[in-house]
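Order-wise, the sequence lines are chains A and B.
Counting from 19, one number per residue, gives the positions in the first sequence under this note's numbering.
Counting from 19, one number per residue, gives the positions in the second sequence under this note's numbering.
Single-structure report; data block below.
Protein chains: 2
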Amino acid sequence: MRNFLAIDAGGTSTRAVLINSSGQCLGYGTAGGGNPVSRGFDAALAALLDASRKATGGTAGEVAEVLVAMAGASLELPTHLFRDGFAELGLTGKVMIESDLLATFYSGTYHDDGLALIAGTGAVGARVVSSRLEAVTDGTGWLLGDNGAGFWLGREIVRAVAAALDGRGQATSLTLLVLAELGVTLDPGERTQGRLRAQQQLILKVYELPAIELSRFAPLVFQVKDDAVAQDIIDRAAQALTQTLLAASRAGNGPGEADGRQWQPGAQPLVFGGSVLTKGGAVAAAVVGRLSAAMPGAGGPAGISPVLVEDGVVGASVMVLKRSGIQVDAPIFARIQQSLAALRGGK
Amino acid sequence: MRNFLAIDAGGTSTRAVLINSSGQCLGYGTAGGGNPVSRGFDAALAALLDASRKATGGTAGEVAEVLVAMAGASLELPTHLFRDGFAELGLTGKVMIESDLLATFYSGTYHDDGLALIAGTGAVGARVVSSRLEAVTDGTGWLLGDNGAGFWLGREIVRAVAAALDGRGQATSLTLLVLAELGVTLDPGERTQGRLRAQQQLILKVYELPAIELSRFAPLVFQVKDDAVAQDIIDRAAQALTQTLLAASRAGNGPGEADGRQWQPGAQPLVFGGSVLTKGGAVAAAVVGRLSAAMPGAGGPAGISPVLVEDGVVGASVMVLKRSGIQVDAPIFARIQQSLAALRGGK
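Here's what the structure looks like:
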């Protein structure tokens, strides 16, 4: 029985699991952001080691391999420095860097072919074929895309409010929620230079924020009820996310190739991750509806059942076993899920 | 006969005119950015004085009043410092700060009631009633709005290209133009980590630019022919700009008030400014078409004839006379236009 470390390194937090070759999770630890692109290499490595130390409980047992799932896994990283760092934790083998997309996918399934859609602050679709990323769609960041994700939602919300305030757009309950969030009061009679004072204040306050902070307004769209503007934003988010998913599902066939590599609804898993899909139920349901309409063979919305996953930590655990030559089947997958849930529940 | 200085102070350049009370422009000068918000107060004042010195030709004649048109005219500025600065140029009266929107409006008309739409990097609509800004719509900046303007167009273009490259969106001729602008070559076979290398390069290059720089791609949308994606972007820009204009045209009537203050097509002028409207003919034509459809009484597109203006320098000249109690009529307006064109033609 060998032990492994599986690490899900995100931009703001890092999760590490000590797992043995039968899929039993033995220890779990968390730390701050572990992505070298956003945090710098030294701080990221320190976070990986911090979380790992907590997972191993400080014992100096042997660790056969380490797998780190992170965004930007395709970057050339000085992995020998990773290896040196993990030596103190008993690492005898190598450090493998894998995509966070694959880790999210494997958090929902142990199969090696399927489809994933993740919508957190950003949005990305992935087609997995034979355990590799065959196609990645969107995930192009806040300026170029990430359509339907948290930043996109927040931006559409504040744009709708700005439009409602000067009569370009429909009135919406989002207005008072956004203004309250920014500490601005709305007095319909207070105007200067042709503008409502509330709109001038909205402009001032929004440009004081770093642009990416607009994602903080995203949850508001799910709070209002019977609001046509909010519903339109949710519909357009679902439409964009469905396009991202459909583009990923079609990918992998060269010109003239048969549909053999295309995603098969029902036969292959569909994994949903990220707060917009896992917490904003309306978006996930609308994506399923649109997807089933676009795939007549799927047997309607009931034929498409996405697995919702919280993060990539189960998937990193699945991958460290797979990449070390251990076959992960249904019982092992269930053991990973259950033993990890028990460890995380205790945190 | 008194002399006046009229100054159109923009973010990147400043234009000054020496004009007499009969509307004869006597001198013209330009300098760098003269907006205190974007340039700082001292640099802005230096630019205003630099352009003014060129306009007065260095002669120490008397200047009765100075009018400066600029964005952010509603800000509280230390105008006594302006006055001290202009004393060396013979100023005997006051320095008036006015909105750049009004200056653009008056560049197209000497009437005191009408409508203006400006779409340069940003987009803003204005309803002018009795020589004052009755309503200002949009102009809310690149994150909150400026819908249909240069930054908006540039962003939609790069988003469409990002979508075309991973199959979320339709193929478009914009792709090769944008990639060429960024020095990226497109090899449809070159993929890593599930992505086209060209898309990875697009992402890298776009995020190296300051966000607001996306406006540099705007002209590309007018270069491609018979391209459905480009046409869709132009249509949506025209739709957004029409909403901005219609919201401004409706404004000024309180609840239950009659339509007396509403813009009357044909009877009151419509002024178009900014490069998206004055250089991208397709957008201006589409806005006129949509506006006439929304205003059945306007007599079709032929009943709506916008006056295109290049900047706010004619308008600043009109305003310095009006604000000094001089009535500007058709002959004086024509004299301002003609004498200024002669001076500018000689530059």
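Virtual Cβ for every residue (Gly too), placed ideally from N, Cα, C.
Note that the coordinates shown come from a computational prediction; the quantities given were computed from them, not determined experimentally.
Contact check for A/V242 and A/S191: beta-carbon distance about 4 Å, within the 8 Å limit, so the pair qualifies.
With a threshold of 16 other beta carbon atoms within 10 Å, B/R150 falls short and is exposed.
DSSP, read as helix, strand or coil, puts B/V142 in strand.
The C-alpha of A/K223 lies about 15 Å from the C-alpha of A/I175. The region 151–166 of chain B and the region 178–187 of chain B do not touch, with fewer than 3 CB-CB distances between them shorter than 8 Å. Three or more Cβ pairs drawn from the region 70–86 of chain A and the region 331–340 of chain A lie within less than 8 Å of each other, which places the two stretches in contact. Bridge pairing for A/L36: A/L23, A/G45 [DSSP]. For B/S125, the closest Cβ of chain A is not nearer than 8 Å.
Nearest C-alpha to B/G212 among A/W170, A/G166, A/V142, A/L227: A/V142. Runs of the beta strand (DSSP E) lying entirely within the region 282–338 of chain B, each at least 3 residues long, are 288–291, 325–327 in chain order. Runs of the beta strand (DSSP E) spanning 3 or more residues and lying entirely within the region 71–156 of chain A occur at 83–88, 113–117, 132–137, 141–147, 150–156, in chain order. Of all alpha-carbon atoms in B/Y46, B/G140, B/N21, the one lying nearest the alpha-carbon of B/V331 is that of B/Y46. Taking every protein chain shown into account, the CB of B/F100 has 16 or more other CB atoms within 10 angstroms, so this residue is buried.
For B/E152, the nearest CB of chain A lies under 8 Å from its own CB, placing it at the interface with that chain.
Within 8 Å of the CB of A/Q261, the CB atoms of chain B belong to A181, R186, G187, in sequence order along the chain.
The region 53–62 of chain A and the region 25–43 of chain B do not touch, with fewer than three beta-carbon pairs separated by less than 8 Å. With 16 or more other Cβ atoms from the protein chains shown falling within 10 Å of its own Cβ, A/V81 counts as buried. With fewer than three CB-CB distances shorter than 8 Å, the region 103–112 of chain B does not count as touching the region 41–56 of chain B. Within 10 angstroms of the beta-carbon of B/E116 lie 16 or more other beta-carbons, which makes it buried. Collapsing the DSSP output to three states places B/G50 in a strand. At a cut-off of 8 Å, the C-beta of A/V289 has no neighbouring C-beta in chain B. Residues of the region 36–65 of chain B with a C-beta atom less than 8 Å from some C-beta of chain A do not occur.
Between A/I175 and chain B, the shortest Cβ-Cβ separation is not below 8 Å. Around the C-beta of B/A265, 16 or more other C-beta atoms lie within 10 Å, and the residue is accordingly described as buried. In the three-state DSSP reduction, A/S267 falls in the helix class (H, G or I).
Excluding its 5 nearest sequence neighbours in each direction, A/G126 has C-beta neighbours in its own chain below 7 Å: P287, V289, V325, V327, listed in chain order. For A/K223, the uninterrupted alpha helix (DSSP H) run begins and ends at 215–226, by DSSP. Residue burial is scored here from C-beta neighbours: B/Q188 has fewer than 16 other C-beta atoms within 10 angstroms and is therefore classed as exposed. A/L192 is outside the set of residues whose beta carbon lies under 8 Å from a beta carbon in chain B. The region 294–309 of chain B and the region 238–257 of chain B touch, with three or more beta-carbon pairs separated by less than 8 Å. Between A/G163 and A/A137, the CB-CB gap reaches or exceeds 8 Å. Not a single CB atom of chain B sits nearer than 8 Å to the CB of A/Y128. Looking at the DSSP output, A/T210 sits in a beta bridge with A/R213. The C-alpha of A/D131 is placed about 18 Å away from the C-alpha of A/I350. Here B/R268 is near A/G185, since their CB atoms are less than 8 Å apart. Secondary structure note for B/L195: its alpha helix (DSSP H) is the uninterrupted segment 192–199.
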